[in-house]
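To start, the structure itself, in structure tokens.
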Amino acid sequence: MKIVLTGANRGLGIHLAKTAVERGHTVLAGVRSVVEDSPINRLKKQFPDNVYTYFLDVTNEESIAKAAELAANDVNSIDCIINNAGVLAERGKPIEELDFNQVQFTMDVNVLGPMRIMKHFLPLLYKGKKQAVINISSEAGSIHNAYGGDFPYGISKAALNMFTVQLSRYVKDKDIAVYAVHPGWIKTDMGGDNATGYPEESASGILDILEGKIDINSKLGFTDFTGKEMEI
Numbered sequence: 008m009k010i011v012l013t014g015a016n017r018g019l020g021i022h023l024a025k026t027a028v029e030r031g032h033t034v035l036a037g038v039r040s041v042v043e044d045s046p047i048n049r050l051k052k053q054f055p056d057n058v059y060t061y062f063l064d065v066t067n068e069e070s071i072a073k074a075a076e077l078a079a080n081d082v083n084s085i086d087c088i089i090n091n092a093g094v095l096a097e098r099g100k101p102i103e104e105l106d107f108n109q110v111q112f113t114m115d116v117n118v119l120g121p122m123r124i125m126k127h128f129l130p131l132l133y134k135g136k137k138q139a140v141i142n143i144s145s146e147a148g149s150i151h152n153a154y155g156g157d158f159p160y161g162i163s164k165a166a167l168n169m170f171t172v173q174l175s176r177y178v179k180d181k182d183i184a185v186y187a188v189h190p191g192w193i194k195t196d197m198g199g200d201n202a203t204g205y206p207e208e209s210a211s212g213i214l215d216i217l218e219g220k221i222d223i224n225s226k227l228g229f230t231d232f233t234g235k236e237m238e239i
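Right, here's the structure in full:
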């Protein structure tokens with residue numbers, strides 16, 4: 008598979024990239040910083056034929072359009088998109104103290120970012136095989152399980168879940184699978200040291216979903232990385 012992956016340089020993203028290339032897939036990695044000794048470039052040196060890197064900031068549509076153009080020249084078509092780039096700003100702040108610049112930034116990255124990606128990469132996806140889109144969501148985006156905290160993050164992930172359903176309906180006649188996947192609470196910079204899960208495990212499960220090793224029965228496409236249905 009040829010997989011477009013955003014936020015590929017750290018956290019869950021680099022583990023997704025590593026797991027994918029180790030399984031023989033090609034990763035088209037979108038990163039905000041392309042430096043010599045970055046994790047994704049080290050992976051590229053290890054798997055030179057399976058990793059492409061592009062400067063891509065999900066808040067910058069011009070960078071996305073350019074990355075899509077380069078990807079078209081490099082591989083002509085793609086099979087999967089993993090919208091992984093995300094932020095968790097204003098963590099734990101009560102609504103009375105929220106910085107709305109950070110709220111807007113969260114929405115820009117977590118919701119509008121995946122929308123921009125789909126706008127520019129969907130034509131390449133149409134040319135692929137057994138196509139799928141995975142939006143990395145969170146149980147924090149479940150309206151049913153809302154806990155009255157992390158307002159920007161939870162609201163942005165709920166909106167991302169809605170976009171997932173909308174997109175699924177939009178590409179239904181193309182037979183493209185679209186899922187919102189909760190990766191679990193994992194030990195990354197975002198998840199913190201107290202997290203109970205590991206990114207390697209989540210990455211493996213997400214690749215299993217893409218490879219069809221896990222059957223997804225969720226009517227709305229909201230699932231965890233093991234394929235268990237999540238409540239919207």
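Heads up, our numbering is the position in the sequence shown plus 7, with the first residue counted as 1. Glycine included, C-beta positions come from ideal geometry on N, C-alpha and C. Note that this is a predicted model, so its numbers are computed, not measured.
Please state whether the Cβ-Cβ distance between residue i and residue j is less than 7 Å.
i: H22; j: A153; result: no
i: N168; j: I239; result: yes
i: V185; j: L227; result: no
i: L131; j: I85; result: yes
i: V28; j: F62; result: no
i: K9; j: V82; result: yes
i: I183; j: Q138; result: yes
i: S225; j: E208; result: no
With distances taken from CA atoms, which of the options is nearest residue i?
i: R49; options: E104, R17, T233; result: R17
i: G234; options: L227, I216, P55; result: I216
i: K129; options: G204, D106, G198, A72; result: Note on residue identity: the sequence assigns Leu, not Lys, to residue 129. Answer by Cα proximity: A72.
i: T33; options: C87, I124, K181; result: C87
i: I150; options: F229, L63, I124, P121; result: F229
i: K181; options: N57, K134, G199, Y59; result: K134
i: K13; options: A75, N80, N201; result: The sequence shown places Thr at residue 13, rather than the Lys named in the question. Ranking the options by Cα distance to T13, first place goes to A75.
i: R123; options: D157, F170, P46; result: F170
i: R30; options: A15, N57, P46, S45; result: N57
Could you pull out every residue in the same chain whose Cβ sits closer than 6 Å to the Cβ of residue i, ignoring the five residues on either side in sequence?
i: S163; result: T113, M114, N117, V118
i: S3; result: With the chain covering only 8 through 239, there is no way to say anything about residue 3.
i: G212; result: F232, T233
i: L35; result: V11, Y59, A78
Please go through the same chain and pick out, in chain order, the residues whose beta-carbon is closer than 7 Å to the beta-carbon of residue i, but skip the five residues on each side of it.
i: Q109; result: A96, E97, P159
i: D64; result: R39, S70
i: S175; result: V185, G228
i: D106; result: E97
i: K136; result: D86
i: I223; result: Y186, I216, T230, G234
Is the CB of residue i under 7 Å away from at least one CB in chain C?
i: K25; result: Within the model displayed, chain C is absent; a lone protein chain is all it includes.
- Item | Inter-stretch contact (C-beta, 8 Å, three-pair minimum) for the stretch 108-116 and the stretch 80-96 | yes
- Message: At 4 residues or longer, what runs of the alpha helix (DSSP H) sit wholly inside the stretch 116-200?
- Response: 120-133, 158-177
- Would you call the stretch 97-106 and the stretch 66-73 in contact, with 3 or more CB pairs under 8 Å? no
- Message: Could you tell me which whole alpha helix (DSSP H) segments of length 4 or greater appear in the stretch 43-124?
- Response: 46-53, 68-82, 107-114
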